[in-house]
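Colleague: Sharing a structure below in structure tokens format, with a few things to ask.
There are 2 protein chains.
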Amino acid sequence: MNSDELRGLLVPALTPFLPDLRPATDAMVKHCRWLLQQGANGLAVFGTTSEANSLGCDERIELLEALIESGIPADRIMPGTGTCALTDSARLTRHATERGCAGALLLPPFYYKGVSDEGLFSFYSEVIERTGDARLRIYLYHIPAMSGVALTVNLVDRLVKTYPTTVVGLKDSGGDFQNTTTLLKEFPGLSIFPGSESFLLEGLRHGGAGCITATGNVNPAGIRSLIEHWQEPCADEMQVRIARIREVIQTYPMIPALKTIMADHHREPDWLRVRPPLMELDESVRDKLLGELGELGFSMAGSGAAA
Amino acid sequence: MNSDELRGLLVPALTPFLPDLRPATDAMVKHCRWLLQQGANGLAVFGTTSEANSLGCDERIELLEALIESGIPADRIMPGTGTCALTDSARLTRHATERGCAGALLLPPFYYKGVSDEGLFSFYSEVIERTGDARLRIYLYHIPAMSGVALTVNLVDRLVKTYPTTVVGLKDSGGDFQNTTTLLKEFPGLSIFPGSESFLLEGLRHGGAGCITATGNVNPAGIRSLIEHWQEPCADEMQVRIARIREVIQTYPMIPALKTIMADHHREPDWLRVRPPLMELDESVRDKLLGELGELGFSMAGSGAAA
């Protein structure tokens, strides 16, 4: 593992949109700065939560350029660079690497289903060869509920053995902690991130690297605090607290729910906007969500900065 | 229905690749010409069978330009223009329309799962509005096994009622003929294409528009002949014959199997090449496939030109 590798809380930053559905760059920069101030260790921009797969290749490149130009440190950014197409995935990965990003979070190609480990290995291998840059750090992205393409232990093993200095991590958004513990046991040298803070403390106790989690967009300080204090007596109680907040949010469609919380916090209805095929929550549903979070005493403003 | 609408056999033309995995434009042009000579009514380039979702947006635009420049008539081309991203789908659809293509075969956005009909309607609606061209003809593409996103009767109904001169057809690759007959009954004004010639004759008898089928790449004349003679006594026998050929091919991974037949026909191993995550068939598997087709007396050369 490299000492400069990202660990801790990585946030798949939400992408705000303008009325014409172009990314709202200024609002995104502001949000990314706030996340870092609140204790996020890194920004996994262009993740599932970022609606990145609803953005075109050119849009992702322009937006990453804008974030870096605005002063967000590239070495704190781990953009998602996976698409269905080898050429686009290679282009995005090369761009992120050239711009000095900490790594690239790489979905498997996800249109064709029932593909072989051999075919997936070949895809990742081509992306790595086409990037052709020793600085490249790849984090594999396992999210079968969306991608429909699971990453097996055999595939990860082959990739890690073939590209030991390049394939350095994995995000496990499979939702099955048993799979995460298997990966932690099989690959002690990999930085493995559960895709939810619900598994954060257990993950850390098993050697996990932190978490990459959607709800990090609204509760970064709470999650980061647990990472700071996970070996202390208060840890279990902190885990219960952050998991409870997540449980409320995830009973709603995750992305529009998070944008509801953002819009409420900033008193800025522009934050509600999502790209089709996603839809905003109805007002009554938004009120219900905010009410439930209020009952827990949760608000973005009240979560405070991390130590 | 417009008189200039494509009907009959539409072939999702295979995309051959160069050793560096770029599209082999010359070989593709040659293949498209052969398909039209053999009786294909149209070319549904950039379909699932074309490995289009393994191509980037720029690659699809360049390749469509090259096909049209080479003299393939644009009004015989119905490119696939669906991607995960609204902006890319709109860009590809606008380009195809501006270049005079007969229509666009449009997948739903397929990364996010469990999305609402409302969200899918909004996606298609945005693509139509952004294309902003009265010439646009959209064919909806239902292929849930790959896309993970089904098109419901309610969604189709709303699209057809809102855009009656634009949303004019549908390809049903669901593999369930019951669904096709439901659609034919509900939408008698739509051009509905089963995604397999196994349902061709039954489809035509229920008012179907023909078929858009992968195996049209290798058996266009056989399939076209049935379309010419479907009301004659020989039709059932012809249906059995084309279905039997398909049954053999589809016991293998479809795309590499079709490329195996192409490579054999042209004695050109370059045709075997696929883009990751797909993989070529092993030589022994290729031999087995070709042997089984030989036993049926099938070869591309022997299928003859249609009337």
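In order, the protein sequence lines correspond to chains A and B. Per the working numbering, numbering of the first sequence is gapless, rising by one per residue and ending at 316. Per the working numbering, numbering of the second sequence is gapless, rising by one per residue and ending at 316. Even for Gly, the Cβ is constructed at its ideal location relative to N, Cα and C. Note that the structure is predicted; figures quoted are calculated from it, not measured.
Buried or exposed: A314 (chain A), going by 16 or more other Cβ atoms within 10 Å of its Cβ?
Modeller: Mapped onto the first sequence, residue 314 (chain A) falls at position 305. Low per-residue confidence applies at A314 (chain A): pLDDT is 41, beneath 50, and the placement is therefore not dependable, though the value from the model is reported in the following sentence. By the 10 Å Cβ count, A314 (chain A) comes out exposed.
Colleague: Taking only beta-carbon positions, decide if G128 (chain B) is within less than 8 Å of chain A.
Modeller: By 1-based counting over the second sequence, the position of residue 128 (chain B) is 119. Taking Cβ atoms only, chain A reaches closer than 8 Å to G128 (chain B), which makes this a yes.
Colleague: Residues in the region 281–298 of chain A with C-beta within 8 Å of chain B's C-beta atoms, listed in sequence order?
Modeller: So the list reads R284, P285, P286, L287, M288, given in the order they occur along the chain.
Colleague: Using DSSP with H/G/I as helix, E/B as strand and the rest coil, what is L302 (chain B)?
Modeller: As a working note, residue 302 (chain B) is residue 293 in the second sequence. DSSP places L302 (chain B) in helix when its eight states are reduced to three.
Colleague: Where does F208 (chain B) fall in DSSP's three states?
Modeller: The sequence position of residue 208 (chain B) within the second sequence is 199, counting from 1. Helix, per DSSP.
Colleague: Identify the contact partners of C93 (chain A) in chain B, using a Cβ-Cβ distance below 7 Å as the criterion.
Modeller: Within the first sequence, residue 93 (chain A) is the residue found at index 84, counting from 1. Result: N62, S63.
Colleague: If contact is defined by three or more beta carbon pairs under 8 Å, each pair taking one atom from either stretch, is the region 73–88 of chain A in contact with the region 38–54 of chain A?
Modeller: At 8 Å Cβ cutoff, the stretches touch.
Colleague: In chain order, what residues of the same chain lie with their CB nearer than 6 Å to the CB of G112 (chain B), ignoring the 5 residues before and after it?
Modeller: Position 103 of the second sequence, counted from the start, is the residue given in the question as residue 112 (chain B). Excluding residues within five positions, the ones whose Cβ falls inside 6 Å are M87, R146, Y148.
Colleague: So with Cβ pairs under 8 Å, would you call P118 (chain A) a contact of chain B?
Modeller: Working through the first sequence from its first residue, we reach residue 118 (chain A) at position 109. Yes, P118 (chain A) lies at the interface with chain B (some Cβ there is under 8 Å from its Cβ).
Colleague: How about T175 (chain B): is its C-beta nearer than 8 Å to some C-beta of chain A?
Modeller: Position 166 of the second sequence, counting from 1, holds the residue named residue 175 (chain B). Not an interface residue.
Colleague: Quick one: which chain D residues come within Cβ less than 7 Å of F132 (chain B)?
Modeller: Structure shown: chain D not included; protein chains present are A and B.
Colleague: Thinking just about the alpha-carbon of each residue, which of A:L209, A:S79, A:R214 is nearest to the one in K194 (chain A)?
Modeller: Walking along the first sequence from the start, residue 194 (chain A) turns up at place 185. Taking only the C-alpha atoms, the option nearest K194 (chain A) is A:R214.
Colleague: Would you mind giving the Cβ-Cβ distance between R167 (chain A) and G17 (chain A), rounded to the nearest angstrom? I have them listed as a contact below 8 Å.
Modeller: Walking along the first sequence from the start, residue 167 (chain A) turns up at place 158. Walking along the first sequence from the start, residue 17 (chain A) turns up at place 8. Not really, about 28 Å apart at Cβ, beyond 8 Å.
Colleague: Taking 6 Å as the limit between beta carbons, can you name the residues of its chain near L290 (chain A), skipping five residues before and five after?
Modeller: The sequence position of residue 290 (chain A) within the first sequence is 281, counting from 1. If we look at L290 (chain A) and ignore the five residues flanking it on each side, its Cβ neighbours are P265, T269.
Colleague: Counting only the same chain and skipping the five closest in sequence on each side, list residues whose C-beta sits under 6 Å from that of V176 (chain B).
Modeller: Indexing the second sequence from 1 puts residue 176 (chain B) at position 167. Counting only Cβ-Cβ distances below 6 Å, and skipping sequence neighbours, we find I147, L168, V169.
Colleague: Figure out for me which residue from B:I221, B:F186, B:E211 has the closest Cα to the Cα of F202 (chain B).
Modeller: Within the second sequence, residue 202 (chain B) is the residue found at index 193, counting from 1. Checking every option, the nearest Cα to that of F202 (chain B) belongs to B:I221.
Colleague: Straight-line CA distance for A154 (chain B) to L235 (chain B)?
Modeller: The count along the second sequence starts at 1 and reaches residue 154 (chain B) at position 145. The count along the second sequence starts at 1 and reaches residue 235 (chain B) at position 226. Cα-Cα distance, rounded: 27 Å.
Colleague: Quick one: give me the first and last residue of the beta strand (DSSP E) that C41 (chain A) is part of.
Modeller: By 1-based counting over the first sequence, the position of residue 41 (chain A) is 32. Run containing C41 (chain A): none in the beta strand (DSSP E); it sits in the alpha helix (DSSP H), 34–46.
Colleague: Assuming S134 (chain B) contacts A94 (chain A) under a Cβ cut-off of 8 Å, what Cβ separation, rounded to an integer in Å, is found between them?
Modeller: In the second sequence, residue 134 (chain B) corresponds to position 125, counting from 1. In the first sequence, residue 94 (chain A) corresponds to position 85, counting from 1. Contact flag wrong, Cβ pair sits at about 25 Å.
Colleague: Measure from the C-beta of S12 (chain B) to each C-beta in chain A and report whether the shortest distance is under 8 Å.
Modeller: Taking the first residue of the second sequence as position 1, residue 12 (chain B) is located at position 3. For S12 (chain B), the pLDDT reaches just 48, beneath the cut-off of 50, and the residue's location in the model is therefore unreliable, although a value from the coordinates is still provided. Taking Cβ atoms only, chain A never reaches closer than 8 Å to S12 (chain B), which makes this a no.
Colleague: Any Cβ of chain A within less than 8 Å of the Cβ of K268 (chain B)?
Modeller: Sequence index remark: in the second sequence, residue 268 (chain B) carries index 259 (1-based). Chain A contact via Cβ: absent.
Colleague: Check whether chain A comes within 8 Å of G303 (chain B), counting only Cβ atoms and requiring the distance to be less than that.
Modeller: Position 294 of the second sequence, counted from the start, is the residue given in the question as residue 303 (chain B). G303 (chain B) does not count as touching chain A.
Colleague: Using a cut-off of 7 Å between C-beta atoms, extract the partners of G157 (chain A) located in chain B.
Modeller: As a working note, residue 157 (chain A) is residue 148 in the first sequence. Within 7 Å Cβ-Cβ: G157.
Colleague: Below 8 Å on C-beta distance, what does S125 (chain B) contact in chain A?
Modeller: Your numbering for residue 125 (chain B) matches position 116 in the second sequence. In chain order: P286, M288.
Colleague: Measure the alpha-carbon distance for T58 (chain B) versus P28 (chain B) and round it to whole angstroms.
Modeller: Counted from its first residue, the second sequence places residue 58 (chain B) at position 49. Counted from its first residue, the second sequence places residue 28 (chain B) at position 19. About 19 Å.
Colleague: May I have the straight-line CA-CA distance separating P118 (chain B) from A61 (chain A), to the nearest angstrom?
Modeller: Reading the second sequence from its first residue, position 109 is the one you call residue 118 (chain B). Reading the first sequence from its first residue, position 52 is the one you call residue 61 (chain A). The straight-line gap from Cα to Cα measures roughly 12 Å.
Colleague: Helix, strand or coil, according to DSSP, for K268 (chain A) in the structure here?
Modeller: Here residue 268 (chain A) is taken as the residue at index 259 of the first sequence, counted from 1. Helix, per DSSP.
Colleague: Is there a Cβ from chain A that is less than 8 Å from the Cβ of L30 (chain B)?
Modeller: Your numbering for residue 30 (chain B) matches position 21 in the second sequence. Judged by the 8 Å Cβ criterion, L30 (chain B) is in contact with chain A.
Colleague: Just the chain B side, please: which residues come within less than 8 Å of E135 (chain A) by C-beta, in chain order?
Modeller: Here the question's residue 135 (chain A) lines up with position 126 in the first sequence. The answer, in chain order, is L30, P285.
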